[in-house]
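Q: If you read the sequence shown in this note's numbering, its first letter stands for residue 2, the second for the next number, and so on. Sharing a structure with you now.
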Amino acid sequence: MDSQAAIPRHVAIVMDGNGRWARKRFMPRFFGHKAGVDSLVKTVLACADRGIEYLTVYAFSSENWKRPTEEVSGLMGLVLVAVAKYLTKLADRGVRIRIVGDRNQVSDKLRAAWEQAESLTRDNKRITLSVCFNYGGRWDIVQACRRAIVDGVPPDQLDEARLSRYMALSHAPDPDLLIRTGGEVRISNFLLWQAAYSELVFTDCLWPEFGDAELDAALAEFARRDRRFGGVKDSVPLEAKQA
Ligand code: FPP
2 MDSQAAIPRH VAIVMDGNGR WARKRFMPRF FGHKAGVDSL VKTVLACADR GIEYLTVYAF
62 SSENWKRPTE EVSGLMGLVL VAVAKYLTKL ADRGVRIRIV GDRNQVSDKL RAAWEQAESL
122 TRDNKRITLS VCFNYGGRWD IVQACRRAIV DGVPPDQLDE ARLSRYMALS HAPDPDLLIR
182 TGGEVRISNF LLWQAAYSEL VFTDCLWPEF GDAELDAALA EFARRDRRFG GVKDSVPLEA
242 KQA
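Written out as structure tokens, the structure is:
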């Protein structure tokens, strides 16, 4: 297989294991999330270096509001700190940032930081980092349907291609590879629509420890997979079989 063809265009990641990583160090969970941000910045640059065009990460799910108030507010504050600390670096390295999710429930300050990140990087073309924040796959499907209805799309004209244009990640192709760190083997309401044919790779590595070696291992696993999208390999047309 030629190596370029084996590089996924779009990688999605469930960044799990920050809390356990911190606990192993007798530190509060927030310490793990902080290390998780550093890991994210390294990973987006590593993906860009490998020719990956889109990286989409699950930073805060619709269900994460159930966490203790101090952890939720810590994560919100961390985003503001991360934007202040890393935005210029990412912008200078050609990263385009998109925020995906329901912005209604977040503070004005956070919304302003997202808008700053998006507008400063809007012309960047090297890699698009989509940060799913206050995001859920079910929320995404519902919001897409609602917007299609508001636009007056007649039910008999609403097909998969048309609905896809209303999905929150419509700026990106479907993910080719979905990685989950932290040892859990589930999707947790991430990209339910878009990951229909993604190759799934689960690793025990905790997110703050995810680095070049783990990324390359996941890419090597992806390159070994045989993607058929519901078809069959080397299919021989029926007429040829009967001849
Ligand atoms: C899951 O680990 C991780 C999260 C819910 C948060 C991920 C967020 C970041 C890495 C920060 C993102 C920041 C920006 C700026 C986008 P967990 O807490 O569930 O870990 P555990 O399973 O070990 O408890």
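Quick reminder that beta carbons are idealized off the backbone N, C-alpha and C, glycines included. Just so you know, these numbers come straight off a predicted model, no measurement behind them.
Please classify ILE150 as buried or exposed, where buried requires at least 16 other C-beta atoms within 10 Å of its C-beta.
A: As a working mapping, residue 150 is identified with position 149 in the sequence shown. Looking at its Cβ environment, which holds fewer than 16 other Cβ atoms inside 10 Å, ILE150 is exposed.
Q: Is it right to say ALA244 is buried, meaning 16 or more other beta carbons lie within 10 angstroms of its own, or is it exposed?
A: Counted from its first residue, the sequence shown places residue 244 at position 243. Residue placement at ALA244 is poorly supported in this model, since its pLDDT is 49, which falls under 50; the coordinates are not used for a value here.
Q: On the DSSP letters alone, give me the boundaries of the beta strand (DSSP E) that ILE100 sits inside.
A: In the sequence shown, counting from the first residue as 1, residue 100 sits at position 99. Element bounds for ILE100: 96 to 101.
Q: Would you say the segment 161 to 180 touches the segment 49 to 69, given that touching needs at least three Cβ pairs under 8 Å?
A: A contact exists between the segment 161 to 180 and the segment 49 to 69.
Q: Look at the alpha carbon of GLY95 and the alpha carbon of LYS234, and state the distance between them as a whole number of angstroms.
A: To locate residue 95, count along the sequence shown from 1; it is residue 94. To locate residue 234, count along the sequence shown from 1; it is residue 233. The straight-line gap from Cα to Cα measures roughly 38 Å.
Q: Tell me whether the segment 220 to 231 and the segment 194 to 205 touch, counting them as touching only if at least three CB pairs, one residue from each stretch, are closer than 8 Å.
A: They touch, by the three-pair rule.
Q: Consider the C-beta atom of ASP205 and the heavy atoms of ligand 1; say whether any pair is separated by less than 7 Å.
A: Residue numbering aside, residue 205 sits at position 204 when the sequence shown is read from its first letter. Because no heavy atom of ligand 1 lies under 7 Å away, the Cβ of ASP205 does not count as near it: no.
Q: Does the Cβ of ALA169 lie closer than 7 Å to at least one heavy atom of ligand 1?
A: Counting from 1 along the sequence shown, the entry for residue 169 is found at position 168. Not so, every heavy atom of ligand 1 lies at least 7 Å from the Cβ.
Q: Quick check: LEU159 and VAL45, are their CB atoms within less than 8 Å of each other?
A: As a position in the sequence shown, residue 159 is number 158, starting the count at 1. As a position in the sequence shown, residue 45 is number 44, starting the count at 1. Not a contact, by the Cβ cut-off of 8 Å.
Q: Below 8 Å on the Cβ atoms is my contact criterion, and I expect PHE61 with PHE134 to pass it. Report the Cβ-Cβ distance as a whole number of Å.
A: The residue you call residue 61 lines up with position 60 of the sequence shown. The residue you call residue 134 lines up with position 133 of the sequence shown. Contact flag correct, Cβ pair sits at about 5 Å.
Q: Do you know offhand how far SER4's Cα is from ASP109's?
A: Indexing the sequence shown from 1 puts residue 4 at position 3. Indexing the sequence shown from 1 puts residue 109 at position 108. Because the pLDDT of SER4 is 48, which lies under 50, any placement of that residue in the model is unreliable, and the number read from its coordinates should be weighed accordingly. Those two C-alpha atoms are separated by around 45 Å.
Q: Distance, Cα to Cα, GLY20 vs VAL154?
A: By one-based count along the sequence shown, residue 20 stands at place 19. By one-based count along the sequence shown, residue 154 stands at place 153. If you take the alpha carbons of GLY20 and VAL154, they lie about 44 Å apart.
Q: Since CYS133 sits in a beta bridge, which residues does DSSP pair it with?
A: In the sequence shown, counting from the first residue as 1, residue 133 sits at position 132. Answer by DSSP bridge pairing, in chain order: TYR59, VAL101.
Q: I'd like the list of long-range same chain contacts for TYR59, defined as Cβ closer than 6 Å, with 5 residues on each side in sequence excluded.
A: Taking the sequence shown and counting its residues from 1, the one referred to as residue 59 is at position 58. Here the set comprises VAL15, CYS133, PHE191.
Q: Grouping DSSP H, G and I as helix and E and B as strand, with all else coil, what is PHE203?
A: For the purposes of this step, residue 203 is taken as residue 202 along the sequence shown, with counting starting at 1. PHE203: strand per DSSP, three-state reduction.
Q: Leaving out the 5 sequence neighbours to the left and right, which residues in its chain are closer than 6 Å to ILE180 when beta-carbon positions are compared?
A: Sequence index remark: in the sequence shown, residue 180 carries index 179 (1-based). Around ILE180: ILE14, VAL202, ALA219.
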